[in-house]
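For the record, the sequence lines run as chains F and R.
In case it helps, our numbering puts the first sequence at residues 1493 to 2104.
In case it helps, our numbering puts the second sequence at residues 187 to 490.
All C-beta atoms in this analysis are idealised placements derived from N, C-alpha and C, irrespective of residue type, glycine included.
As structure tokens, the structure follows; a few thoughts come after it.
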Amino acid sequence: MKLQPRQQLLEIWEAAARASSQGKEWRWGGRQGSNSISDAEQLLCFMYPASELPEFRLDTPDATSDDVLEALAAIGDSVEIPKRLLTLLDAYLTTYSDKDGRPLFGGDSYFLPNEPGEEITSEQRALDVVDSYSMSVTLMLGTLGFLKVFRRSVTRQDIRAKISDLESRANVRLSAAMVGLLRSFTINVFEPGSPQGQALLRTANQAKVHDRRVHDDLQKSLEEVRAGLRDLTIGSGSQVDLDNPNLLFECGWAWGVVKNAPEVVTDLKVGEQPKGVAPEVPYLYFTANALVGVVDLWSERTRVLGLLDDDQQQLANALQRRWDITQNYWRTVATFGKDRWPLEDIPWRTTDGKESDYYSLGVTAMVVQYLVRTRAGDVDLSRVAGVLEELARSARITRRPVENDLSAVALHHPGVKVTLLGSEELGPQLIWQVADFAITLLKRTIWVATITQSNRTRERLHSLADQIWAHIQQRQFTHQQVKGLWDNPAGAFDDVGDEQTQVSWYFTERIVEFLVTLALTSRESPLRSQQLVELAGEMLAEAEHLLNREQVIRPVRARLGASSTITTIATRLNRARKIMGERPASAAALINQSLLELDQLAAARENASEAM
Amino acid sequence: MLVFAISDKGGTGRSVTSSNIVYRRALQGQDVCYLDFDFGSPTVGAIFRVSTASRGTTKGGMHRYLEGEIPEPTRIDVWTESDRDAIRAKPAGAGQMVLLPGDEGGGEFATFDGEMLKRCVRLFAGLHEQFDLIMVDLSAGRSFAAHLALAATAQLPRIPARWLVFHRWTRQHIIAANGLVRGDHGLLDVGVEHGHDRDALIDRIRFVRTAVLELGSGDFAHLRPAQRSWLNEIDRELRELATRHGVGLTTMLGKVPLDPVLQWREQLISDDDVAGTEIANPETVFAFDDLAKKIVDDTAWEGL
Ligand SMILES: Nc1ncnc2c1ncn2[C@@H]1O[C@H](COP(=O)(O)OP(=O)(O)OP(=O)(O)O)[C@@H](O)[C@H]1O
Ligand SMILES: [Mg+2]
Chain F
1493 MKLQPRQQLL EIWEAAARAS SQGKEWRWGG RQGSNSISDA EQLLCFMYPA SELPEFRLDT
1553 PDATSDDVLE ALAAIGDSVE IPKRLLTLLD AYLTTYSDKD GRPLFGGDSY FLPNEPGEEI
1613 TSEQRALDVV DSYSMSVTLM LGTLGFLKVF RRSVTRQDIR AKISDLESRA NVRLSAAMVG
1673 LLRSFTINVF EPGSPQGQAL LRTANQAKVH DRRVHDDLQK SLEEVRAGLR DLTIGSGSQV
1733 DLDNPNLLFE CGWAWGVVKN APEVVTDLKV GEQPKGVAPE VPYLYFTANA LVGVVDLWSE
1793 RTRVLGLLDD DQQQLANALQ RRWDITQNYW RTVATFGKDR WPLEDIPWRT TDGKESDYYS
1853 LGVTAMVVQY LVRTRAGDVD LSRVAGVLEE LARSARITRR PVENDLSAVA LHHPGVKVTL
1913 LGSEELGPQL IWQVADFAIT LLKRTIWVAT ITQSNRTRER LHSLADQIWA HIQQRQFTHQ
1973 QVKGLWDNPA GAFDDVGDEQ TQVSWYFTER IVEFLVTLAL TSRESPLRSQ QLVELAGEML
2033 AEAEHLLNRE QVIRPVRARL GASSTITTIA TRLNRARKIM GERPASAAAL INQSLLELDQ
2093 LAAARENASE AM
Chain R
187 MLVFAISDKG GTGRSVTSSN IVYRRALQGQ DVCYLDFDFG SPTVGAIFRV STASRGTTKG
247 GMHRYLEGEI PEPTRIDVWT ESDRDAIRAK PAGAGQMVLL PGDEGGGEFA TFDGEMLKRC
307 VRLFAGLHEQ FDLIMVDLSA GRSFAAHLAL AATAQLPRIP ARWLVFHRWT RQHIIAANGL
367 VRGDHGLLDV GVEHGHDRDA LIDRIRFVRT AVLELGSGDF AHLRPAQRSW LNEIDRELRE
427 LATRHGVGLT TMLGKVPLDP VLQWREQLIS DDDVAGTEIA NPETVFAFDD LAKKIVDDTA
487 WEGL
């Protein structure tokens, strides 16, 4: 694979630091202006690598590495950088709280009117959106961990006070985001004969059997999910009646707080819980996004640093239940049946009758997450790999776009329109535009590549990843201020006329997230094959045997000359034995070299005895 | 402002680095002076290439002044008296650059009395009126000169004073630098004895790493991969060691890369050495320049 995550991340940091600073001032916002999501994304471009990768940490000024300091020179030195982060986090928390300190999660300038030109109302701008919750979860966890470690290096009283203040405000925001996520979860129940029911059955029925049978089989496979949903207690989705076994359903996250969602009862300080307007309809996009964001809540880092208190832990558990169930639901539907998977029937069709490659990708996300978690078999993974390849082709990433291939290009620019139902109660119909297809595809590709045991599948996926990355690099800005950041689709598609000039923190942050995941996985020791370990073991036995013989045969006097060769060989074989279990291929290389040299000695002796 | 240059070990690069900082500061337009308080070996004249003072002055220098033999120590204007053409050409806009050398043949004092302290205080106070930056080069180790400086600054609370501790990037030097500051009879102990507040004093001390091998720089492209990875590993260990000994990045003011010119000769590096003859590295001058700015930049001293 050609990707070098560490190097790429440093370059992005340098570019992001340059684009964000205007002298000593910080420049918030990008293409769509500043809002609770975009600003979180901008901060996460720095905070995420810093909290996930030890060599990018910024919380211990004494340990900041040189190349990191070089990349972030626009922000300051090892002492100034964390202090600057404090100021920025403070600014973020202040901007996105009301005067009573209640955290705000408005989608604001990320909301677009369905009819261009229509004026979005201020009530609409303030509507909470699931993307803001999940970004905030990630940002606040990053912040809390950062503060916890940074505090150790600080003795000055004023800075310590600032850290404590930020800590309590970040906790409020984290709790509020979790509450928001719990109140945006939803279950949509429908009759099998309804249009939604028909759409779901059509998706599941790849074998084209009788509707009734698909229905019964599907209900049976979903029994566990249904039981899980019935047990939900706090948050939305807990009052839905799932007792009628004839009704079909789907579950996941709505775009925002569900209309009439009950308040979450908690001792935590979260402020007033806003009323929602979203209907009880799960959206694939928001579901996939929420699922990605909340995993940080139960990551090892969160546990080790003890970032959640007991009450927060309770909310996190409630979210985890929903996470498990939702994944299980989509995985069941997407891989239903014995023949072709519904997932393989591209494009995916949602129950409200929309179809798009984007939805296929969303479902893939959930299936992959499930497969990662269950350490699935290679057969399944290779089928997912096929889907990913197909998506890359039809989205014109690995295949050149034909002329006027507008629908494929529109997937990337301007992106897929998601209609935010219910928002029209407060003004014009709102939409959400998502353009992260390429990077999301790349993320899934790498994910699958890291868990597959099959070298063939891995090779296939790595080559796919290289191609997607090449595509993404074409969309990188090349001009001054925003150089090295994203997203300029015109760089990859001739049909996109207008060159972008402003950074999309939305897209850039997702690239950072991807590179971090990649860096994390490449740190793990390489997959090794048992066969290779055994082979290396046998080779080593032969080499050591030959070496012993060489040491015995050689007369003491003559050892003077050859002894250094023998010593080198012995050292090398010792090393081979030491690393054989972890890195059999490297061991084999060492053994090979020793065998060659030993054979040279033997051949020389044979030659000598022949001549006699 | 008074800046004291100190190091635990001899030959760390204390004199060469502090002289170059002073030179850079003068080029940045400030009036600067350099005091040779390395009484045992008064040789800074050599670095400025002032031949009349290369082993100290014969006209009455720091020793004789402190002993009360002369009313004022000799001052040498480096811009006019240096033997180097590159230095003698004082650029427009540059500040004064004055050297106050020691006496030729002068030696380390064994102790100091109240009179001597008074003279020292008067000297510092007087120079503070005339110069923006007064760099004082102290002897290596726990010296009498350092005691004198601590005692004098304790009596001059209104004159800002800062301390630079120079050390090389090795295990021994890192541990020694910390010991010089925080160890028994170290700067802090002695400072407190003379009436300094420990916490206030520690805030005014920063470390400077000298002659550091910069692994990323092109100079080391010729290293074998194995050497490179060995050095990287050592560097990582030294960082950890430095952090444990309070000599990490938080307390570091700057570092100066190893330079081939300084390796072989103690001198000021002029812009011509970098841009004209190209014998010295631009990174070295950049580091001196940066230190010259940071010395007086309050945000760089704020700390955590
Ligand atoms: N950045 C550098 N690169 C290479 N050599 C250097 C560097 N800085 C100083 N040196 C060299 O190190 C040696 C010691 O420097 P210097 O005389 O300044 O040290 P010192 O600490 O003042 O020593 P002393 O305690 O003897 O006064 C000199 O030869 C000097 O040229
Ligand atoms: Mg010296």
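Can we say the segment 392-403 of chain R touches the segment 347-356 of chain R, given the rule of at least three CB pairs closer than 8 Å?
Below 8 Å, enough C-beta pairs join the segment 392-403 of chain R and the segment 347-356 of chain R to call them touching: three or more.
Reduced DSSP category for R/MET302 - H, G, I as helix; E, B as strand; rest coil
The residue you call residue 302 of chain R lines up with position 116 of the second sequence. Three-state DSSP puts R/MET302 in a helix.
Starting from the C-beta of R/VAL447, find all residues in its chain whose C-beta is less than 6 Å away, skip the five residues before and the five after it, and write them out in chain order.
By one-based count along the second sequence, residue 447 of chain R stands at place 261. Excluding sequence positions up to five before and after R/VAL447, its CB lies within less than 6 Å of the CB of ILE465, ALA466, all in the same chain and listed in chain order.
Identify which residue in R/ASP271, R/GLY197, R/GLU267 has its Cα closest to the Cα of R/ASP458.
Counting from one through the second sequence, the residue named residue 458 of chain R turns up at place 272. It is R/ASP271.
At a threshold of 7 Å, does R/ASP194 count as lining ligand 2 (C-beta to nearest heavy atom)?
As a working mapping, residue 194 of chain R is identified with position 8 in the second sequence. Outside the cutoff, so no.
Would you tell me roughly how many angstroms separate the C-alpha atoms of R/VAL202 and F/MET1539, rounded to the nearest one?
Stepping through the second sequence from its first residue, residue 202 of chain R is reached at position 16. Stepping through the first sequence from its first residue, residue 1539 of chain F is reached at position 47. Their backbone Cα atoms lie some 40 Å apart in a straight line.
If you draw a straight line from the alpha carbon of R/SER456 to that of R/ASP289, how long is it in whole angstroms?
Within the second sequence, numbered from 1, the residue matching residue 456 of chain R stands at position 270. Within the second sequence, numbered from 1, the residue matching residue 289 of chain R stands at position 103. If I take the Cα positions, the gap works out to 27 Å.
List the whole-angstrom C-beta distance separating R/ASP445 from R/THR463, where the pair is believed to meet the contact cut-off of C-beta under 8 Å.
For the purposes of this step, residue 445 of chain R is identified with residue 259 of the second sequence, where counting begins at 1. For the purposes of this step, residue 463 of chain R is identified with residue 277 of the second sequence, where counting begins at 1. 14 Å between Cβ atoms; not a contact.
Where does R/GLY291 land, buried or exposed, given buried means 16+ other C-beta within 10 angstroms?
The residue given as residue 291 of chain R occupies position 105 in the second sequence. The residue in question, R/GLY291, is exposed, as its Cβ has fewer than 16 Cβ neighbours within 10 Å.
Can F/THR1866 be considered in contact with ligand 1, in the sense that its beta carbon sits closer than 7 Å to one or more heavy atoms?
Walking along the first sequence from the start, residue 1866 of chain F turns up at place 374. Checking the Cβ of F/THR1866 against ligand 1 gives no.
Helix, strand or coil: how does DSSP classify R/PHE190 here?
Within the second sequence, residue 190 of chain R is the residue found at index 4, counting from 1. Note: R/PHE190 maps to strand in three-state DSSP.
Determine whether the Cβ of R/THR396 lies closer than 8 Å to any Cβ atom of chain F.
Locating residue 396 of chain R in the second sequence gives position 210, counting from the first residue. So, not an interface residue.
Can you name, in chain order, every residue of its own chain whose Cβ lies under 7 Å from the Cβ of F/GLN1966, other than the five neighbours on each side?
One-based indexing of the first sequence puts residue 1966 of chain F at position 474. Exclusion of the five residues before and after F/GLN1966 leaves GLY1983, ALA1984 as the residues of its chain whose Cβ lies within less than 7 Å of its Cβ.
Spatially closest choice to F/VAL1825 from F/TYR1850, F/PHE1741, F/GLU2042, F/ARG1892, by CA coordinates:
Here residue 1825 of chain F refers to the residue found at position 333 of the first sequence. In this structure, F/PHE1741 is the residue among F/TYR1850, F/PHE1741, F/GLU2042, F/ARG1892 with its C-alpha nearest to the C-alpha of F/VAL1825.
Residue range of the unbroken beta strand (DSSP E) whose run includes R/MET321
Taking the second sequence and counting its residues from 1, the one referred to as residue 321 of chain R is at position 135. Note, R/MET321: beta strand (DSSP E), 319-324.
Go through its chain and collect everything with a Cβ distance to F/GLU2072's Cβ below 6 Å, but skip five positions before and after it.
As a first step, residue 2072 of chain F must be located in the first sequence, where it is residue number 580. The residue asked about is misnamed: residue 2072 of chain F is Met in this sequence, not Glu. Spatial neighbours of F/MET2072 in its own chain (CB-CB distance under 6 Å, excluding positions within 5 residues in sequence) are listed in chain order as ALA2028, ALA2079.
C-alpha gap between F/TYR1584 and R/GLU423, whole angstroms:
As a working mapping, residue 1584 of chain F is identified with position 92 in the first sequence. As a working mapping, residue 423 of chain R is identified with position 237 in the second sequence. Those two C-alpha atoms are separated by around 37 Å.
Between R/GLY489 and chain F, is the shortest Cβ-Cβ distance under 8 Å, so that the two count as touching?
The residue given as residue 489 of chain R occupies position 303 in the second sequence. At least one chain F Cβ lies under 8 Å of R/GLY489.
What are the residues that DSSP puts in a beta bridge with F/VAL1908?
As a working mapping, residue 1908 of chain F is identified with position 416 in the first sequence. Answer by DSSP bridge pairing, in chain order: F/VAL1926.
Can you have a look at R/ASN206 and say buried or exposed, based on whether 16 or more other CB atoms are within 10 angstroms of its CB?
Here residue 206 of chain R corresponds to residue number 20 of the second sequence, with the count starting at 1. By the 10 Å Cβ count, R/ASN206 comes out buried.
Check distances from the C-beta atoms of the segment 432-451 of chain R to those of chain F and list, in chain order, the residues that come in under 7 Å.
Answer set for the segment 432-451 of chain R: GLY434, LEU435, THR436.
So is F/ARG2051 in contact with chain R if we call contact Cβ pairs under 8 Å?
Translated into the one-based positions of the first sequence, residue 2051 of chain F becomes position 559. Any reading at F/ARG2051 needs caution, since the residue's pLDDT is 48, under 50, leaving its predicted position unreliable; the model's value is listed next. By this cut-off, F/ARG2051 is not an interface position.
For a contact defined as C-beta to C-beta under 8 Å, what are the partners of F/ALA1542 on chain R?
Numbered from its first residue, the first sequence carries residue 1542 of chain F at position 50. Close to F/ALA1542, with beta-carbon spacing below 8 Å, lies no residue of chain R; the smallest spacing is near 15 Å.
Specify the secondary structure class of F/ARG2118 as computed by DSSP and reduced to three states.
Because chain F here runs from 1493 to 2104, residue 2118 of chain F falls outside it and cannot be looked at.
Residues sharing a beta bridge with F/GLU1607, DSSP:
Counting from 1 along the first sequence, the entry for residue 1607 of chain F is found at position 115. In the DSSP assignment, no residue is bridged to F/GLU1607.
Determine the direct distance from the alpha carbon of F/LEU1883 to that of F/PRO1839, and round the result to whole angstroms.
Translated into the one-based positions of the first sequence, residue 1839 of chain F becomes position 347. Translated into the one-based positions of the first sequence, residue 1883 of chain F becomes position 391. Each residue's Cα considered, the two are about 9 Å apart.
DSSP puts F/TYR1777 in a beta bridge; with which residues?
Numbered from 1 along the first sequence, position 285 holds the residue referred to as residue 1777 of chain F. DSSP lists no partner for F/TYR1777.
Along chain R, which residues have their Cβ under 7 Å away from the Cβ of F/ASP1554?
What you label residue 1554 of chain F is simply residue 62 of the first sequence in a count that begins at 1. Chain-ordered, the chain R residues with CB closer than 7 Å to the CB of F/ASP1554 read THR429, GLY434, LEU435, THR436.
Looking at ligand 4, does it come within less than 7 Å of R/ASP289, judged from the CB to the closest heavy atom?
Here the bound small molecules are ligand 1 and ligand 2; ligand 4 is not part of this structure.
I'd like the span of the alpha helix (DSSP H) that includes F/TRP1747, first residue to last.
Numbered from 1 along the first sequence, position 255 holds the residue referred to as residue 1747 of chain F. It is not in any alpha helix (DSSP H) - F/TRP1747 carries neither H nor E in the DSSP assignment.
Near F/TRP1518, which residues of its chain fall below 7 Å by C-beta distance, leaving aside the five closest residues on each side in sequence?
What you label residue 1518 of chain F is simply residue 26 of the first sequence in a count that begins at 1. For F/TRP1518, where only same-chain residues beyond five positions count, the Cβ hits under 7 Å are SER1512, LEU1580.
Near-chain R residues of the segment 1632-1661 of chain F - C-beta to any C-beta below 8 Å
Going along the segment 1632-1661 of chain F in chain order, one finds SER1645, VAL1646, THR1647, ARG1648, ILE1651 with a Cβ nearer than 8 Å to chain R.
Kindly examine ligand 1 and report whether one of its heavy atoms sits closer than 7 Å to the Cβ of R/GLY199.
For this step, residue 199 of chain R is matched to residue 13 along the second sequence. Yes.
Inter-residue spacing [alpha-carbon to alpha-carbon] between F/LYS2108 and F/PHE2006
Missing from the structure shown is residue 2108 of chain F; chain F here goes from 1493 to 2104 and no further.
Can you find a C-beta in chain F that's less than 8 Å from the C-beta of R/GLY402?
If you number the second sequence from 1, residue 402 of chain R lands on position 216. Interface annotation, R/GLY402: in contact with chain F, CB-CB separation under 8 Å.
Assigned secondary structure, F/ASN1680 (DSSP; H/G/I helix, E/B strand, else coil)
The residue you call residue 1680 of chain F lines up with position 188 of the first sequence. Secondary structure at F/ASN1680: strand, using DSSP grouped into helix, strand and coil.
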